[in-house]
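Everything on this sheet refers to the single structure shown next.
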Amino acid sequence: MVPTVRYPSFVDQLPLTRLALEFAAASHGEQRREADDAPFILHPLEVAHLLHGRDYPDCVVAAGVLHDVIEDTEAEYDELARDFGAEVARLVCAVTEPGGDGGYSERKARLRRAVAEAETDAVVIFAADKVAKAREFRLNLVRRRERDPVQVDPAKLEHYWACLSLLESRLGGHAFVRQFRFELEALELLPPGNTSGPSRPATEPLSRDETVAAK
1 MVPTVRYPSF
11 VDQLPLTRLA
21 LEFAAASHGE
31 QRREADDAPF
41 ILHPLEVAHL
51 LHGRDYPDCV
61 VAAGVLHDVI
71 EDTEAEYDEL
81 ARDFGAEVAR
91 LVCAVTEPGG
101 DGGYSERKAR
111 LRRAVAEAET
121 DAVVIFAADK
131 VAKAREFRLN
141 LVRRRERDPV
151 QVDPAKLEHY
161 WACLSLLESR
171 LGGHAFVRQF
181 RFELEALELL
191 PPGNTSGPSR
201 PATEPLSRDE
211 TVAAK
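Structure (structure tokens):
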């Protein structure tokens, strides 16, 4: 069953993005967000809103909406190229985790290497995705800690800090990079019990001593 999507008002100005949202909603189907069990489509919507708020064009916002469909659904590159154009398909492909074996850290390292070589608009989409994901991760951590003790996945945090280093190298002081840094530093400012271990400089990866499941 495809979830009903109520489009935010900004989508009215972006015809390609509206089509992309319909496609993404159908592709992601009943997938849910880990943080709050909301329909997964809310995540692409958040990414789209971030991109639109910085005045990126319709094709970039649409690619932001579709950024997970190749990786997480049965959608394929040729399908995106046919329905949304080569530029959108290329941007989505650039932020899609490359195929191959390996554990979480190895797979994410391959993704970062690919993004490091991608065109700027693809890197911006990657940054917007990380802002939305890090915010969701932080809020989920607080919410879960209110119920039961839960530990932080060190591999996910190390991936996020490595992403920040990559984004600062590629995009400098872009608003998304600053916002992503804030989200990571905010994790270290949570009350005792919400993070484990001592606070660390933002340029260093967090230590390996704890574990929350992570995508």
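Residues in the sequence shown are numbered consecutively from 1, following full-length UniProt numbering.
Each residue gets a CB set at the ideal place from its N, CA and C atoms; glycine is no exception.
As the structure is a computational prediction, the values presented were derived from the model and not from experiment.
Thinking C-alpha only, which one of the options is nearest residue i?
i           : options                            : result
Ala-109     : Arg-170, Pro-98, Phe-126           : Pro-98
His-52      : Ser-169, Arg-143, Val-95, Gly-64   : Gly-64
Arg-113     : Ala-86, Ala-20, Cys-163, Glu-79    : Cys-163
Ala-89      : Ser-165, Ala-20, Leu-189           : Ala-20
Leu-157     : Phe-10, Leu-184, Asp-55, Arg-135   : Leu-184
His-159     : Val-11, Asp-68, Gly-103, Glu-117   : Gly-103
Phe-23      : Glu-119, Ala-134, Asp-83, Phe-182  : Asp-83
Asp-68      : Leu-111, Arg-54, Asp-101           : Leu-111
residue 223 : Ala-118, Ser-9, Arg-32             : Shown here, the chain extends from 1 to 215; a query on residue 223 therefore has no answer.
Glu-119     : Ala-62, Arg-107, Val-95            : Val-95
Lys-130     : Asp-72, Phe-182, Ala-62            : Phe-182
Ser-169     : Gly-100, Leu-189, Glu-117, Arg-107 : Glu-117
Arg-143     : Ser-9, Glu-34, Arg-107             : Glu-34
Keeping to the same chain, check which residues put their C-beta closer than 8 angstroms to that of residue i; ignore five residues upstream and five downstream.
i      : result
Pro-15 : Asp-58
Counting only the same chain and skipping the five closest in sequence on each side, list residues whose C-beta sits under 7 angstroms from that of residue i.
i       : result
Cys-93  : Ile-70, Tyr-77
Asp-121 : Val-60, Leu-91
Phe-127 : It should be noted that the sequence gives Ala, not Phe, for residue 127. For Ala-127, where only same-chain residues beyond five positions count, the Cβ hits under 7 angstroms are Leu-167, Leu-171, His-174, Phe-176, Val-177, Phe-180.
Tyr-7   : Arg-18, Leu-21
Per DSSP, which residues does residue i bridge with? Please list them.
i      : result
Arg-32 : Pro-39
Go ahead and label residue i buried or exposed: buried means 16 or more other beta carbons lie within 10 angstroms of its beta carbon, across all protein chains shown.
i       : result
Glu-74  : exposed
Leu-50  : buried
Glu-30  : exposed
Glu-46  : buried
Arg-138 : buried
Ala-86  : exposed
Pro-39  : buried
Ala-48  : buried
Leu-66  : buried
Leu-80  : buried
Ala-134 : buried
Ala-62  : buried
Assuming residue i contacts residue j under a Cβ cut-off of 8 angstroms, what Cβ separation, rounded to an integer in Å, is found between them?
i      : j       : result
His-28 : Ala-132 : With a Cβ gap of about 15 angstroms, His-28 and Ala-132 do not count as contacting.
Tyr-56 : Val-11  : Incorrect: roughly 14 angstroms between the Cβ atoms, too far for contact.
Please return the same chain residues whose Cβ sits closer than 6 angstroms to the Cβ of residue i, not counting the five positions on each side in sequence.
i       : result
Ser-105 : Ala-155
Ser-165 : none
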